[in-house]
Structures are given as structure tokens and as C-alpha cells.
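Under the numbering used here, the first residue of the sequence shown carries the number 44, and numbering increases by one thereafter.
From the three backbone atoms N, C-alpha and C, an ideal C-beta is built for every residue, glycine too.
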Amino acid sequence: MESLTQWDVNKVYSWFCSLGFQAYEKQIRDNQITGEVLLHLHHEALRDLSIDSLGKRLVILKAIYQLKLQHRVPITTEDY
């Protein structure tokens, strides 16, 4: 399995598409959201990416948490 920190923007966009969020392609590409950046996204950062819906942000954050578990990335209290 490819390391999450090695994901490029295209891989991150594909992952967003798998969640049904293909509408955020411009934000992902314009802001160079790589796997390394994805690991550090939080509510405010997602809002800065114009993901205004609380529900969508929660879905994305939960999916990021699951990715961290799958890739054995250490979980911190900020991940809850």
C-alpha cells in the first residue's frame, strides 16, 4: 500500500471522488492538497477550502481518521 504521505494531488482528488466530493477538485488542486497536507486538515482548514457544510466537513474528517488508521499514522487528540 502506498504511503499516505506520498500521495500527490491526483491521488488525493481521487480519494475525494471516492467519497462523492468531486466538486472540490479546484480547491484541492489550487491549494496543492497532497497526502501530507491531507493528514493535517481540520474543520477550519476545510472551511478555508470553501467546504462550508458542517455535514460534509464531518464526513471528510471521519474519512481522514479512517485513512490514518488504515495507514497506521499516529492518532493525536486533535484527530477527535
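Are residue i and residue j closer than 8 Å when you measure CB to CB?
i             : j          : result
isoleucine 76 : valine 102 : no
leucine 82    : valine 116 : yes
Take residue i and list the residues in its own chain whose beta-carbon comes closer than 6 Å to its own, dropping the five residues that flank it on each side.
i            : result
glutamate 79 : Thr48
What residues in its chain sit with their C-beta under 8 Å from that of residue i, if we drop five residues either side in the sequence?
i          : result
leucine 85 : The question names leucine, yet the displayed sequence has histidine at residue 85. If we look at histidine 85 and ignore the five residues flanking it on each side, its Cβ neighbours are Leu104 and Glu121.
With distances taken Cα to Cα, identify the nearest neighbour of residue i among the options.
i              : options                       : result
glutamine 70   : Ser93, Leu82 and His114       : Ser93
isoleucine 107 : Met44, Glu45, Leu62 and Asp51 : Leu62
leucine 89     : Gln113, Leu112 and Phe64      : Phe64
Got a sec? Which residues, its chain only, sit under 7 Å from residue i by beta carbon, not counting five neighbours each side?
i           : result
leucine 110 : Leu47
Tell me whether residue i is buried or exposed, calling it buried when 16 or more other Cβ atoms sit within 10 Å of its Cβ.
i              : result
arginine 72    : exposed
isoleucine 100 : First, the amino acid is wrong: residue 100 is arginine here, not isoleucine. That one is buried.
For this session: Run through the region 71-120 for me and flag every whole alpha helix (DSSP H) of 4 or more residues, listed as ranges in chain order.
Result: With a minimum length of 4 residues, the continuous alpha helix (DSSP H) runs that stay inside the region 71-120 are 78-81, 86-91 and 97-113.
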